[in-house]
Amino acid sequence: MSKLRNFLMAGVAGMALVACNAPAKVQSGMALKEAFADHFYIGTAMNTQEITGKDSASVEVIKKHFNAVVAENCMKAGPIQPREGEFRFDLPDQLADFAEAHGMYLSGHVLIWHSQAPRWFFTDSLGNTVTPEVLTQRMKDHIYTVVGRYKGRVKGWDVVNEAILEDGSWRKSKFYEILGEEFVPLAFQFAHEADPEAELWYNDYNEWYPGKVETVVKLIGQLRERGLRIDGVGMQGHLAMDGPTIEEYEKAIVAYANAGVKVMITELDMTALPFPDPKVGAEVSASFEYRESLNPYVNGLPDSVSVAWNNRMGELFDLFLKHSDKITRVTLWGTTDRTCWKNNWPVRGRTDYPVIFDRQYQPKPFLDKYTKK
């Protein structure tokens, strides 16, 4: 695991510890899960402090407002199997218990992803790159074990994450270097064999870029031509104030739906801060040097920025409702501004305001029109 990743996880945990000691105000208005009940699931990613109940204030927000949950980190390959054959199911088990206790839709994130895959996946005991046969077996063993354990509990899986670049070319990950494009159909095959009832999804960021849209649509067709199951495309939705346009986002939603799959908004957040490089998307390895100009709102958003943020997020939710016949779930990547990962990415130490509940655990103003009808 990279130093950056360790920093981010430690920073988020630290913020959550602060959050759990703060009193949560009484939340007024209709719960989001009720407001959107006829349209799509509304979900959030749960971090360690929330899963274990230490951030009790955020847990109360989750129980009131959300009917879908996903693990922010603990079900990724690195955390769940840090060494070959050594599985760490404690946190995922707690998350599954929480989801069942509160009647929530539980999705699994993620089976195959280059960024948080353990190093042993790709090397032998001497440090040499493994053969395609060895990597295939390791993928199979990992997917069979993880998916099999949560068979019938996890309703759907992000099978492969972030395999395609914005221009439509394939990311040259270790999975790709060893197996080529074949690692994707193999992952979908193994996931379906491990739980034939679970939905299977391809998940990525910047999925509105035309080149990426074209390749993802092509991938959907190729998987189905081989008789493999793919139910949906997860559009992560790590957005900025200046992009993508609503029209670009809508065009991508329609394209994926026309390819015959469901669409999920899987990791929604929107930074209110200046972004060092718009091409980064959600590449977690990205890191930029801290500058005060990149952290302008330490003491809160100016009214003009807050209004602009709420207007844009409201436009996005209106878009989701417009296409609720295609969209089955909208999941935020963080419950409140206090603990969202964007506070430390891609610039360490920033104060951001990226999700739909603020630091006082209150829903942001744009939600009023949905919850106070």
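Residues in the sequence shown are numbered from 0 upward in steps of one, following numbering that gives the first Met the number 0. Using N, Cα and C, we set each Cβ at its ideal position, and we do this for glycine too.
query                                                                                                                                                                     : result
Could you spell out where the beta strand (DSSP E) holding alanine 67 opens and where it closes?                                                                          : 67-70
What three-state label does DSSP hand serine 305 in the structure shown?                                                                                                  : helix
Straight-line CA distance for valine 133 to glutamate 206?                                                                                                                : 31 angstroms
Check whether the Cβ atoms of tryptophan 112 and alanine 56 sit closer than 8 angstroms, and answer yes or no.                                                            : no
So phenylalanine 70 and histidine 108 are supposed to be a Cβ contact under 8 angstroms. How far apart are they, rounded?                                                 : The identity of residue 70 in the sequence shown is alanine, whereas the question assumes phenylalanine. Indeed, because the Cβ distance is near 6 angstroms, the residues count as touching under 8 angstroms.
Note down, in chain order, each residue of its chain lying with its Cβ closer than 7 angstroms to the Cβ of glycine 210, except the 5 sequence neighbours on either side. : Glu165, Asp166 and Gly167
Taking only the alpha-carbon atoms, compute the straight-line gap between lysine 250 and phenylalanine 182 and give it to the nearest angstrom.                           : 28 angstroms
What span of residues does the beta strand (DSSP E) with asparagine 202 cover, start to end?                                                                              : 198-203
Helix, strand or coil for arginine 311 per DSSP?                                                                                                                          : helix
In the DSSP output, which residue or residues are listed as bridge partners for tryptophan 169?                                                                           : Ile163
Should glycine 261 and lysine 325 be called a contact, given that it needs their Cβ atoms to be closer than 8 angstroms?                                                  : For the sequence presented, residue 261 should be read as lysine rather than glycine. Yes, they are a contact pair.
Assign phenylalanine 86 to one of three DSSP states: helix, strand, or coil.                                                                                              : coil
Rounded to whole angstroms, what is the Cα-Cα separation between tyrosine 352 and arginine 225?                                                                           : 44 angstroms
Straight-line CA distance for aspartate 203 to glycine 155?                                                                                                               : 16 angstroms
State yes or no: is the C-beta of lysine 139 nearer than 7 angstroms to some heavy atom of the ligand MN?                                                                 : In terms of ligand content, the structure shown is empty, and the ligand MN therefore cannot be addressed.
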